[in-house]
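Single-structure report; data block below.
Numbering (the numbering used here), first residue to last: 124 to 409.
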């Protein structure tokens, strides 16, 4: 699933190629792509037609387009979603779900989603801590790349939770945008095991972890994101290459780049956790 750096790469590309354009027509080609837009495709298409796209924004893994009506077009890429800016003459692929035609130079914005877990909806914007965000994601916390992210506040909330530290990193109401890949990478950099209880983190340790999360995602953003297959691409169809720089994720039985110990893989819910048993020792039971 695309994580924060991948979504930010897409957001930046959309801001460059789509912001300021006017929607000539909208077309929904698969109902699941707007399943959260309860009024249906006719309302979706009609309300988008004629709208001018303003800022392209992101919070965590969610994207939205501010519209001239004052509403927002909110989307999530899901597991395989792609937003591609292409000439209208480009042949439709088999997984095209939504098409926005623009009024000026024949370009289209196409939402392609092989697994149809992603989708879009039209919604109102609401004020949350001085920032206008779409109402359905008003509960989503700021992420480490947000200019108004407050590490001290997050550290206090993180240490007050009664859970394991990796689960806390994945809690989007506490800190958004961190998925399984970057949680493992941040924990490795901070030399913490994912099962460490949050209540036993010293403030300095929790701060170091948040810094590591921001650091790894900033580096991933500079590399264009992490891509393991052809499903994640930016708006021009190019894949990211940060996967070449991962220290633990997907590297089971390979030597740790810091100490040489073999990386271990363990089951984590329906996913996997990767860690170095020497650099990231398990917490002692109390």
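The beta carbon of each residue, even a glycine, is placed where N, CA and C say it ideally should be.
- For residue 378, the number of other beta carbons within 10 angstroms of its own is below 16, and it is reported as exposed.
- Going by DSSP, residue 208 is part of the beta strand (DSSP E) stretching over 204-210.
- Within the DSSP secondary-structure output, residue 197 pairs in a beta bridge with 187, 244.
- Going by DSSP, residue 157 is part of no alpha helix (DSSP H) at all; its letter is neither H nor E.
- Residue 239 is not a Cβ neighbour of residue 160, given a cutoff of 8 Å.
- Distance from the Cα of residue 405 is smallest, within the candidate group 327, 154, 132, 318, for 318.
- Looking only at 192, 188, 219, the smallest Cα-Cα distance to residue 203 is reached by 219.
- A distance below 8 Å between beta-carbons, with the five flanking residues on each side excluded, links residue 172 to the following residues of its chain, in chain order: 146, 147, 148, 149.
- Beta bridge pairing from DSSP links residue 151 with 221.
- In the same chain as residue 296, and ignoring 5 residues on each side of it, the C-beta atoms closer than 8 Å to its own belong to 262, 263, 264, in chain order.
- The three-state reading of DSSP puts residue 380 in coil, since its state is none of H, G, I, E or B.
- In its chain, beyond the 5 residues on either side, 151, 156, 234 have a beta carbon closer than 6 Å to the beta carbon of residue 221.
- For residue 304, the three-state secondary structure derived from DSSP is helix.
- Around the beta carbon of residue 215, fewer than 16 other beta carbons lie within 10 angstroms, which makes this residue exposed.
- Boundaries cannot be given for residue 325, as no beta strand (DSSP E) includes it and DSSP labels it neither H nor E.
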